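Taking my numbering, the leading residue of the sequence shown gets 1, the next gets one more, and so forth. For glycine and all other residues, C-beta sits at the position ideal for the given N, C-alpha and C. Remember, predicted model here, so these are calculated numbers, not experimental data. Right, one structure below, let's go through it.
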Amino acid sequence: MNNFPSVFEAINDLSKDQIEGLLILARKFKERDHDKPQFPNKLPIVANSFLENSTRTKNSFAIAIKRLGCHYLDFNTETSSLNKGESLEETLLTLYAQGVDLCIIRTSVSNQLSEFKNNTPVKIINGGDGTNQHPTQALLDLFTMQEIGIELEGKTMAIIGDCIHSRVGHSLCELLPQFGCNIILCGPSDYVPKTPEYEGVEISNDLESTVKRSDFLYTLRIQKERHAGSTEAAKHYDTYHDKYGISRDKLKAWNKEVPVFHPGPANIGVEISSDIIKSSLYKGYDQVVNSIYMRMAIITAILSNNDKNIGIIDGTRIRD
Ligand code: CP
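Shown next as structure tokens:
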């Protein structure tokens, strides 16, 4: 794949050709014996560095790294020198000097990884940064949509929930319109932008009309940890399920028993009912299955670029 970026922070870092290349590669990984080492000569070292909680992303990257036959380093941020005041840049340069080739980073700080694009301490994949981007999630969602046979061109997907605080929502809005899919962001006015921020994306506060216009649904949890005590955001907590929760009854009543995606973690009984999660409409587990293959594809693409401009201090690389 030509010129894959060494810091993969956002969907907009990739060309459409690179996205198509990742989809092909993920499909190949799913089809073949995925335990065969991808890098037989010199095994790269890949670190997982999660500065914020995670179940799906951290574990699926760990599994993808091991299935590719790379060395895996679980970089424990809580016991690291980050807690003694060392900067993230200094930490990443130190990991690079120790031999780490790639670091998966999750952080609660939006845009924290942008500073590394021009001065890259180690190759980086964004595992989700604040409310900004979760590009690997959006790519595995696209892969899953294609895998289950959804033809995106001319279709409409509703993203329902706390859209403005959702990094997954932002990445999907940058990705799916490139494949001809229209998006409606639906939720209470405090959870959706006042005006559309992306081409091919509409805003709605009305769930019934949104669902009736949609071919498939993508539900999001209320991101309470990103509300910072906002009374506007909190006022919807108690009434959310009645007004915006997706349940089997609502979909039946509206004659719209369509696929329902969720990036997880799901708050059952809030944005999604348990009868949806336990039904064949729910695609959350397909997303988890496919997360391994898409992340194997992304790791392979980033490790295979020939970027020599990594870990440079005062014009000199700190290791060969
Ligand atoms: N989808 C997702 O990012 O889930 P985790 O927070 O569990 O990694």
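By the CB criterion at 7 Å, N111 and N126 fall outside the cutoff. Here E52 is not near G161, since their CB atoms are 7 Å or more apart.
A direct Cα-to-Cα measurement between G69 and E225 gives close to 35 Å. Sequence-distant partners of I292 (beyond 5 residues in either direction) whose C-beta falls short of 6 Å from its own C-beta, in its chain, are S60, I63, A64. Judged by their CB atoms, I302 and K58 are not nearer to each other than the 7 Å cut-off.
L102 sits in a strand when the DSSP states are folded into three classes. Per DSSP, the beta-bridge partners of L73 are A47. In the DSSP assignment, A158 is bridged to I184, L217. Fewer than three Cβ pairs drawn from the segment 271-280 and the segment 128-145 lie within less than 8 Å of each other, which leaves the two stretches out of contact. Counting the other Cβ atoms within 10 Å of the Cβ of A228 gives fewer than 16, which makes it exposed.
The beta carbon of G269 lies closer than 7 Å to those of H241 in the same chain, with the five residues before and after it left out.
Distances from the CB of S54 to the heavy atoms of the ligand CP include at least one below 6 Å. G169 is not a Cβ neighbour of I184, given a cutoff of 7 Å.
Between G200 and R167, the CB-CB gap reaches or exceeds 7 Å. Rounded to whole angstroms, the Cβ separation of V46 and I299 is 7 Å, and the two are in contact under 8 Å. DSSP, read as helix, strand or coil, puts S304 in helix. The shortest C-alpha to C-alpha distance from E31 to any of G264, K194, M294, I105 is the one to M294.
The closest heavy atom of the ligand CP lies less than 6 Å from the beta carbon of Q137. For V192, no alpha helix (DSSP H) encloses it, and the DSSP letter there is neither H nor E.
Using a Cβ distance threshold of 7 Å, T120 and S6 count as a contacting pair. Annotation for K66: Y72 place their beta carbon closer than 6 Å to its own, counting only its chain and skipping 5 residues before and after.
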